[in-house]
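Take a look at the structure set out below.
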Amino acid sequence: MQEIRCPHCGEVFQVDEAGYAAIVKQVRDREFTREIESREQTAVRLAVSRVEQEKDQELNELHARLQALTQEHKADLERAQLKSQLDAQKERQTIGQLEAALKTERERTEQAVRLAVQEQQLTIRKLESDLQHERDDRVNREHLMREQHRSELALKDEQIAQYRDFKARQSTKMIGESLEQHCKDEFDKIRMTAFPNAYFDKDNDARTGSKGDFIFRESAEDGTEILSIMFEMKNEMDTTATKHKNEDFFRELDKDRREKNCEYAVLVTLLEADSELYNTGIVDVSYKYEKMYVIRPQFFIPMITLLRNAAMNAVQARRELSLIREQNIDITHFEEAITDFKDKFSYNYQQASRRFSEAIDEIDKSIAHLQKIKDALTASDRQLRLANDKAEDLSIKKLTKNNPTMRRKFEELKENTPEE
Numbered sequence: 001m002q003e004i005r006c007p008h009c010g011e012v013f014q015v016d017e018a019g020y021a022a023i024v025k026q027v028r029d030r031e032f033t034r035e036i037e038s039r040e041q042t043a044v045r046l047a048v049s050r051v052e053q054e055k056d057q058e059l060n061e062l063h064a065r066l067q068a069l070t071q072e073h074k075a076d077l078e079r080a081q082l083k084s085q086l087d088a089q090k091e092r093q094t095i096g097q098l099e100a101a102l103k104t105e106r107e108r109t110e111q112a113v114r115l116a117v118q119e120q121q122l123t124i125r126k127l128e129s130d131l132q133h134e135r136d137d138r139v140n141r142e143h144l145m146r147e148q149h150r151s152e153l154a155l156k157d158e159q160i161a162q163y164r165d166f167k168a169r170q171s172t173k174m175i176g177e178s179l180e181q182h183c184k185d186e187f188d189k190i191r192m193t194a195f196p197n198a199y200f201d202k203d204n205d206a207r208t209g210s211k212g213d214f215i216f217r218e219s220a221e222d223g224t225e226i227l228s229i230m231f232e233m234k235n236e237m238d239t240t241a242t243k244h245k246n247e248d249f250f251r252e253l254d255k256d257r258r259e260k261n262c263e264y265a266v267l268v269t270l271l272e273a274d275s276e277l278y279n280t281g282i283v284d285v286s287y288k289y290e291k292m293y294v295i296r297p298q299f300f301i302p303m304i305t306l307l308r309n310a311a312m313n314a315v316q317a318r319r320e321l322s323l324i325r326e327q328n329i330d331i332t333h334f335e336e337a338i339t340d341f342k343d344k345f346s347y348n349y350q351q352a353s354r355r356f357s358e359a360i361d362e363i364d365k366s367i368a369h370l371q372k373i374k375d376a377l378t379a380s381d382r383q384l385r386l387a388n389d390k391a392e393d394l395s396i397k398k399l400t401k402n403n404p405t406m407r408r409k410f411e412e413l414k415e416n417t418p419e420e
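Here this note's numbering is used: position 369 in the sequence shown is 369, and no number is missing along the way.
Structure representation (structure tokens):
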């Protein structure tokens with residue numbers, strides 16, 4: 001606030017910066033106008049004085065010349081008194097011619113002075129006219145700017161009133177749905193051009209007890225998932241008594257992301273409208289919850305685009321990882337086949353060994369049990385033959401029949417083995 005003291009009553013007034021600037025501008029304009037008028041009057045006086053001085057100087061010079069000539073003529077007359085009347089008459093004629101010439105010169109000089117003064121007056125009038133025209137233009141521009149600003153303020157006031165009326169007529173549920181509909185409309189505008197193969201729709205699966213607002217999924221042609229995002233939209237009325245914070249919804253959004261098997265979680269919010277943190281753009285809150293971001297609605301499409309571009313770079317790595325997993329499965333199947341053969345061979349061997357031992361025990365116990373021993377030996381021989389047949393029937397070709405990975409490994413080993 002600025003203080004201004006009245007020069008008449010001594011009372012001190014306080015005005016704000018805008019009022020002080022307006023008063024200073026008025027004083028400056030008045031001083032500028034007064035200075036221009038003073039300079040114009042001074043210039044006119046100087047011009048007139050200069051012309052008068054020049055005119056007086058010329059007149060003085062002519063008068064001096066006339067006086068000098070008069071003195072010369074007087075002297076000549078005094079010296080020529082004794083001359084004849086004819087010479088006197090000639091001298092008088094000469095004096096008359098000189099006086100006529102001096103009169104003509106004086107009249108010409110006075111005419112020149114008058115013309116110079118008129119030109120100076122015309123120049124002054126032209127300057128006054130230009131100054132007045134400039135003042136009129138400035139006043140017109142100021143008036144036009146005031147009218148334009150008044151119209152713009154009226155339009156803004158009308159828009160604010162419409163927005164407040166719109167907010168007042170909306171319920172809390174309608175406010176949330178308006179943000180969701182806005183995001184869905186923004187996505188549908190570019191769905192067929194930017195995301196033709198993407199899935200973007202409401203999350204209607206509430207089997208786990210909660211659900212998000214929207215789920216975005218996109219997969220490559222071979223079925224490899226490129227990107228998946230769980231979206232949550234939050235808004236509230238300006239007149240709501242209890243204001244929510246964005247952090248109030250982080251835990252539930254992270255829970256929905258994990259339950260719906262989404263890679264990222266994004267909160268699209270209009271809460272905390274005065275927060276400098278959330279008004280800067282895309283806010284990464286992964287320091288609290290993994291792969292979670294908070295954005296304003298204007299960053300909805302750019303957020304999907306950024307995450308999609310980053311995910312496209314990882315598609316090839318995912319494909320290679322999937323191939324490695326398939327190879328690991330083939331190796332696992334090969335190991336399972338070897339283990340199965342070992343188990344079966346061990347079982348047959350144990351059976352044969354047990355029966356052979358029983359047969360030896362029976363021989364030691366009693367000759368009477370020869371038939372039983374014979375049967376046991378026969379059975380043991382049959383088990384050994386079966387085991388031997390399985391062992392002879394085992395080959396690399398059979399083991400790798402349904403295992404392309406191991407077949408390729410053995411073929412590479414065979415190619416790399418030098419011939420003897």
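Backbone N, C-alpha and C define an ideal beta-carbon position, used for all residues, glycine too.
In three-state terms, what does DSSP make of residue i?
{"i": "ILE282", "result": "coil"}
{"i": "LEU270", "result": "coil"}
{"i": "ASP201", "result": "strand"}
{"i": "SER151", "result": "helix"}
{"i": "PHE195", "result": "coil"}
{"i": "TYR264", "result": "strand"}
{"i": "ARG408", "result": "helix"}
{"i": "GLU218", "result": "strand"}
{"i": "TYR293", "result": "strand"}
{"i": "GLU236", "result": "coil"}
{"i": "SER275", "result": "coil"}
Roughly how many whole angstroms lie between the Cα atoms of residue i and residue j?
{"i": "ASP205", "j": "SER228", "result": "16 Å"}
{"i": "GLN384", "j": "THR339", "result": "Note on identity: in this sequence residue 384 is Leu, with Gln being the wrong assignment. Their Cα atoms are separated by approximately 20 Å."}
{"i": "GLU35", "j": "THR42", "result": "10 Å"}
{"i": "GLN53", "j": "ARG39", "result": "20 Å"}
{"i": "ASP389", "j": "ASP375", "result": "21 Å"}
{"i": "CYS9", "j": "ALA21", "result": "23 Å"}
{"i": "LYS144", "j": "GLU134", "result": "In the sequence as presented, Lys is not what sits at residue 144; that position holds Leu. Cα-Cα distance, rounded: 15 Å."}
{"i": "PHE249", "j": "GLU152", "result": "39 Å"}
{"i": "LEU131", "j": "GLU17", "result": "30 Å"}
{"i": "ARG150", "j": "ASP274", "result": "28 Å"}
{"i": "ILE190", "j": "GLN181", "result": "15 Å"}
{"i": "PHE231", "j": "THR405", "result": "42 Å"}
{"i": "ALA194", "j": "GLU186", "result": "12 Å"}
{"i": "GLU111", "j": "GLN97", "result": "One point to set straight first is that residue 111 is Gln, not Glu, in the sequence displayed. If I take the Cα positions, the gap works out to 21 Å."}
{"i": "VAL285", "j": "GLU320", "result": "30 Å"}
{"i": "MET233", "j": "GLU247", "result": "13 Å"}
{"i": "MET192", "j": "GLY212", "result": "24 Å"}
{"i": "ASP136", "j": "LYS25", "result": "17 Å"}
{"i": "ALA101", "j": "THR33", "result": "49 Å"}
{"i": "PHE166", "j": "LEU155", "result": "Since pLDDT at PHE166 reaches only 47, below the 50 mark, its modelled position is unreliable, and the value read off the structure follows with that caveat. If you take the alpha carbons of PHE166 and LEU155, they lie about 16 Å apart."}
Quick one: measure Cβ to Cβ for residue i and residue j, integer angstroms, because I've assumed they're closer than 8 Å.
{"i": "GLU252", "j": "SER210", "result": "6 Å"}
{"i": "LEU307", "j": "TYR264", "result": "6 Å"}
{"i": "LEU179", "j": "ASN235", "result": "4 Å"}
{"i": "PRO297", "j": "LEU270", "result": "7 Å"}
{"i": "GLU272", "j": "LYS245", "result": "6 Å"}
{"i": "GLU259", "j": "THR208", "result": "5 Å"}
{"i": "GLU58", "j": "THR109", "result": "5 Å"}
Checking contacts by CB at 8 Å: is residue i closer than that to chain B?
{"i": "GLY96", "result": "Of the protein chains in the structure, only one exists, and it is not chain B."}
Using a Cβ-Cβ cut-off of 7 Å (strictly less than) and excluding sequence neighbours within five positions of residue i, which residues of its own chain qualify?
{"i": "ILE282", "result": "TYR293, ILE295, PHE299 and MET303"}
{"i": "ALA220", "result": "ILE226 and VAL315"}
Excluding five sequence neighbours on each side, which residues of the same chain lie with their C-beta closer than 6 Å to the C-beta of residue i?
{"i": "VAL113", "result": "VAL51 and LYS55"}
{"i": "GLN120", "result": "ALA47"}
{"i": "VAL44", "result": "ILE124"}
{"i": "VAL139", "result": "none"}
{"i": "ARG217", "result": "TYR199 and SER228"}
{"i": "ALA116", "result": "VAL51"}
{"i": "LYS126", "result": "none"}
Who are the Cβ neighbours of residue i in its own chain at under 8 Å, not counting the five residues just before and after it?
{"i": "GLU105", "result": "LEU62"}
{"i": "ALA379", "result": "ARG355"}
{"i": "SER171", "result": "No answer about SER171 holds up, because its pLDDT of 38 lies below 50 and its placement is not dependable."}
{"i": "ASP188", "result": "none"}
{"i": "CYS183", "result": "PHE214, PHE231, MET233, VAL268, PRO297 and PHE300"}
If you measure from the CB of residue i, is any heavy atom of the ligand SAH nearer than 7 Å?
{"i": "LEU86", "result": "Looking at this structure, you won't find the ligand SAH or any other ligand, since it has none at all."}
Length at least 4, wholly inside the segment 84-128: the alpha helix (DSSP H) runs in chain order: none
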